[in-house]
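Chains as they are written, first to last, in my numbering: chain A, 1354 to 1947; chain B, 1354 to 1947. Just so you know, even glycine gets a beta-carbon here, dropped at the ideal spot from N, CA and C. These notes concern the structure reproduced below.
There are 2 protein chains.
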Amino acid sequence: MELRTHHCGKITEKLTGEKVTINGWVQKRRDLGGLIFIDLRDRSGVVQVVFSPDVSAESLAAAEKVRSEYVLSVSGTVVARSEGTVNENIETGRIEIHGDSLEIINASKTPPFQIAEDSDIAEDIRLKYRYLDLRRPIMQETLKMRYEVTKFMRNFLDSYEFMEMETPMLTKSTPEGARDYLVPSRVHPGEFYALPQSPQIFKQLLMVSGYERYFQIVRCFRDEDLRADRQPEFTQVDIETSFMSQEELLNMMEDMMSSLVQQVKGMEIPKPFPRMTYKEAMERYGSDKPDTRFGLELTDVSSLVQQSGFKVFASAVENGGYVKGLNVKGKAANYSRKDIDTLGEFAARYGAKGLAWLKVEEGALKGPIAKFFDQEEAEALLKAFDAENGDLLLFVADKPSVVADSLGALRLHLGKELGLIDESKFNFLWVVDFPLVEHDEAAGRYVALHHPFTMPKEEDLHLLETDPANVRAKAYDLVLNGYELGGGSQRIYQRDVQELMFKTLGFTEEAARKEFGFLMEAFEYGTPPHGGIALGLDRIVMLLAGRSNLRDTIAFPKTASASCLLTNAPSSVSSQQLDDLHLKVNIKETVEQK
Amino acid sequence: MELRTHHCGKITEKLTGEKVTINGWVQKRRDLGGLIFIDLRDRSGVVQVVFSPDVSAESLAAAEKVRSEYVLSVSGTVVARSEGTVNENIETGRIEIHGDSLEIINASKTPPFQIAEDSDIAEDIRLKYRYLDLRRPIMQETLKMRYEVTKFMRNFLDSYEFMEMETPMLTKSTPEGARDYLVPSRVHPGEFYALPQSPQIFKQLLMVSGYERYFQIVRCFRDEDLRADRQPEFTQVDIETSFMSQEELLNMMEDMMSSLVQQVKGMEIPKPFPRMTYKEAMERYGSDKPDTRFGLELTDVSSLVQQSGFKVFASAVENGGYVKGLNVKGKAANYSRKDIDTLGEFAARYGAKGLAWLKVEEGALKGPIAKFFDQEEAEALLKAFDAENGDLLLFVADKPSVVADSLGALRLHLGKELGLIDESKFNFLWVVDFPLVEHDEAAGRYVALHHPFTMPKEEDLHLLETDPANVRAKAYDLVLNGYELGGGSQRIYQRDVQELMFKTLGFTEEAARKEFGFLMEAFEYGTPPHGGIALGLDRIVMLLAGRSNLRDTIAFPKTASASCLLTNAPSSVSSQQLDDLHLKVNIKETVEQK
């Protein structure tokens, strides 16, 4: 075969009159007036080739055998198109190639779906024929952007003197955190490696080793039940620093992310990014990753309704809960009783036992529960919501977590449903001052919200023994348009603070040694102050590329049941392989499986 | 703590008179004449701080508590050293810092070995305390070089319009090749993922998808018994191209590797790299990865001795084997009978049943087998070896593979023992025209030397059905100083050639479908001509850094039994974890384990 002299998409009028050879795939073939037109495609784009009896009868005959997605090598002369046939939409639209030789390098069966269009193909078909799906322009653009993003981040971090360092994939299973993927050992019967959920421990050890500025774009693994925005294996931009304050780290990340958006989207992102405490985020948005592209914030009316005649509200407050609401501005007329019932069903998925509502008409509250509020309460409610005629007020009264979850989700739902979200915006936000620990009802003890090496804020240290739930951590999440892009923390490096932390988590010193032995030992040999962050690459690419599914950012993703429809992984293996690994399959019949 | 204003190793006389704050580790403390000298180290280097009663009595008192590897924050003024105390060996040797404040950020226990020296520490201690071992300058330099190498390669490949693309880690177990590491599935009882031995199939699919130029610096896995130059997880620079000839690919790789050596070592590497066929490499060096930094080549004397009275030689040739030898130039006097016996034991490890020898004295052959050769044979041998007085001739007579293996290994052994190797050289070499298939005695069939998608050379295609063992592949290995840095091939993209190849390997069409189904199906939708190469990053870094052990190029390596001495991976897991994965440990008592 003859190798190309030029790329299809790069042939413009500058080459008029020149002889070129191109290689690529047949995008389209049209027969017209004894001529054959072929759009030939390579990675760079598409160019039109014309075969005619005048130029080469032999090539014209060869072109007749050509079908979509055939691989060709074509030679010919670049000729300017006549006025009427110029296509201004593509780079190569002012020329065509008059083909004088055509070699079919490879044939193609008819693809199960058309390559060119971004048509509505069922996702399981796309995943089964992923190699064809990946030919579609939108997939090519997304994966090119993914590469641009990683290239940008590597260069950026290098300019800040970070070193990329590799950490093990075959490592130790840890009892805390999500479920590990395990890898049986052949050499050590009955023992297992774990695939890393993150390089957390190793990056901290690299700080102990004095590398000071580490990063890695690295695959991580979690064996969890999957949602649309999760994959069993995902890629993390993992960063750790020594001798750098939280403020410096956050500033650097703002520089990185704003420069990235500038480069990829050509958009200016104002700096510094807004910061919001966890507490404020939960209060105003019912979420620790609020989408700040629209308002519709939560209003706390607990104190206004706790004396009211509406028992549901009064008793929620009495039991330590809240009554909060959303003012769906000017949309009362849009929502019938039935529509509101539907919203109530939506809220119920997040634990809300009911969704109370009021409409504002003629300056007064209307609706089935309006009668429970006296004049003073009604006025207070109107004022609290800044409510006007035509507004719809929606309420959840419950314990704090249910109020936040259900109204937070309802807020997002309504934001989309009512078109309140400006999709062109990139609203970055730092959520800071996360709680250090939370009480785990099931375990009957406090557990670390991030991990047990997260540093408490100095000013809250005195509460660690007496009121741990109110200790704030030096932990921070980076949020973009309601998605958590990543998070991190400063780590404990002082032995006494670490011991206090373990005590808070209910570990004896011995138990702590057992679970975190080698890391604790490492910490005894001169540990610098250190901290870091980890960002989800898949999610960053998804948002920058404007896709709604993580799978569209990954060349070969897995389904919600963690399968690969292309290779059919996972699959059964031979009994020899199991014997080598000292394993037996042991499937217990369970109710779920029957 | 006070954060640094400067890095330790960057403080020079330009900063004389300035106030600086530095953070780092105590490399050394000396007390002298009422003063305390502390060498403080960070990633950038070391600087000397002096504490004196004149500057700050308080800091002096604090400095008394300081021990090796404590983490400090120190402030002070940069002062030029007096003439006699200048240290020209380090960047900071013309100044010192007169410390006026010292904060102990963290203490350190006494390390189990000294950090500064490149002393002879047992490797198991180094691996157990890897976080301390990684503080040693030689380890820091090697890992910095590793980063420089990956950065260089990424930039280089980007400049050639390659895109880095990620492929799955949780993939499908394939029956061919080395042993897979398996990952049990929780969601699919009794099924397993495999960790990739290489992204081979995915990178070929990306070519089918039209990405044309792919690369990835990627972790790969092989569950094999380990040697010094193998790790269970290793990093590969993985490359695949479409529409690029073998010649273009090899030229590009030469450009990459020579530019890399230029950048990292400041050495000019002549291009093009020498090329040698597999056949020539085996004949001259007994190896498909010859170290060409020295001679001591193999000489084939089969035809000269097949009629001789020495039965061992004559019958080896009669049975289809070879008699080959090395001329150890001028070293006859260095090797006693006992020494030669030791060489014989060495050769025996590679299957040689014996090592015959002759010495050249007064123009004649001497030694126990000399008597078997008549005048004519003796002269022919002297001529064949270009032998002179004082030379030692060593012979192995056996089947071809044993002759090659044993003499090839003996050649390397003698090269080192006799100091024949110029260690300053970087001798790159392409070995090309590998056999396409080899006969597997155990399986009773031909097996692919690389993999079943490797392209045969066009001119040998006609032999594929009649004489497959003599078909050469479009396969190439890159060799440096006797190490295989990597290898690759052009791949089969024509359906008829692929079918012929499967037939040669003894597959029915149905069996081929079963084993390679989705890849073969993908190949039916317009496969471009493609090929690639994969280079071992760990090995490249090892050779560039002048280390002799792959483990020294990896931050957290595994031992020969695939253990991590730092984390104690692999380890046992809970029965809950096994239940979740539908597994039972099934350790069979074997003779080996008792």
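At a cut-off of 8 Å between beta carbons, CYS1361(A) makes no contact with chain B. The C-alpha of LEU1559(A) lies about 10 Å from the C-alpha of PRO1552(A). For the stretch 1515-1526 of chain A, the set of residues with a beta-carbon nearer than 7 Å to any beta-carbon of chain B comprises MET1516, GLU1517, MET1518, GLU1519, THR1520, PRO1521, MET1522, LEU1523, THR1524, LYS1525 and SER1526, in chain order.
VAL1784(A) and LEU1765(A) have their C-alpha atoms some 18 Å from each other.
The C-beta separation of THR1652(A) from GLY1678(A) comes to about 5 Å, placing the pair in contact by the 8 Å criterion.
In summary, the residues of the stretch 1433-1462 of chain A whose CB is separated from some CB of chain B by less than 8 Å are ILE1458, ASN1459, ALA1460, SER1461 and LYS1462, in the order they occur in the chain. Contact note: GLY1879(B) reaches chain A through TRP1378, GLU1422, TYR1423, VAL1424, ASN1459 and SER1461, using a C-beta cutoff of 7 Å and chain order. Contact of SER1914(B) with chain A is assigned, a C-beta pair being separated by under 8 Å. For HIS1766(A), the enclosing alpha helix (DSSP H) begins and ends at 1753-1770. For VAL1540(B), there is no enclosing alpha helix (DSSP H), as DSSP marks it with neither H nor E.
Rounded to whole angstroms, the separation of the alpha carbons of HIS1359(B) and LYS1418(B) is 24 Å. Secondary structure at GLY1530(A): coil, using DSSP grouped into helix, strand and coil. Only residues of its own chain outside the window of five on either side were considered, and among them LYS1712 have a CB closer than 6 Å to the CB of LYS1719(B), listed in chain order. For ILE1886(A), the closest C-alpha among the options GLY1704(A), LYS1827(A), TRP1710(A) and ILE1693(A) is that of LYS1827(A). Distance from ALA1685(A) to GLY1619(A) at the Cβ level is roughly 40 Å; contact not present, criterion being Cβ atoms closer than 8 Å. Under a criterion of Cβ atoms nearer than 7 Å, the residues of chain A adjacent to TYR1546(B) are, in order, ALA1922 and PRO1923. Looking at the backbone, the Cα of LEU1455(B) and that of ASN1376(B) are separated by about 10 Å. DSSP places ASP1830(B) outside any alpha helix (DSSP H); the residue lies instead in the beta strand (DSSP E), whose first and last residues are 1828-1833. No Cβ-Cβ contact shorter than 8 Å links GLN1589(A) with GLU1519(A). Contact between GLY1761(B) and GLY1648(B) is absent: CB atoms are separated by about 14 Å, not below the 8 Å threshold.
In the structure shown, ILE1391(B) adopts extended strand secondary structure according to DSSP, grouped into three states.
Our two residues, SER1526(A) and THR1503(A), have alpha carbons roughly 29 Å apart in a direct line. Secondary structure at GLN1659(A): coil, using DSSP grouped into helix, strand and coil. The residues ASN1823 and VAL1824, in chain order, have a CB closer than 8 Å to that of LEU1816(B) in the same chain once the five nearest residues on each side in sequence are set aside. At a cut-off of 8 Å, the C-beta of ALA1887(B) has no neighbouring C-beta in chain A. When Cβ-Cβ separations below 8 Å define contact, GLN1467(B) makes no contact with chain A.
Taken in chain order, the whole beta strand (DSSP E) runs of length 3 or more contained in the stretch 1782-1829 of chain A are 1790-1793 and 1798-1801. Beta-carbon to beta-carbon, TYR1513(B) and MET1605(B) are separated by about 6 Å, close enough to satisfy the 8 Å threshold. Close CB contacts of ALA1416(B) within its chain, under the 8 Å cut and outside five residues either way in sequence, are with ARG1382, ILE1389, ILE1391, PHE1404, GLY1452 and LEU1455 (chain order). Here the stretch 1407-1415 of chain B makes no contact with the stretch 1366-1375 of chain B; the two share fewer than three CB pairs at distances below 8 Å. In the DSSP secondary-structure assignment, GLY1452(A) is bridged to GLY1429(A). Per DSSP, the continuous beta strand (DSSP E) segment holding VAL1713(A) begins and ends at 1709-1714. A distance below 6 Å between beta-carbons, with the five flanking residues on each side excluded, links ALA1915(B) to the following residues of its chain, in chain order: PRO1585.
Shown here for TRP1710(A): same chain residues with a beta carbon closer than 6 Å to its own, the five before and five after excluded, namely ILE1693, GLY1720 and LEU1747 in chain order.
In the same chain as GLY1889(A), and ignoring 5 residues on each side of it, the C-beta atoms closer than 7 Å to its own belong to PHE1587, GLN1589, LEU1838 and GLY1839, in chain order.
Under the Cβ criterion (8 Å, minimum of three pairs), the stretch 1770-1787 of chain B counts as touching the stretch 1626-1637 of chain B.
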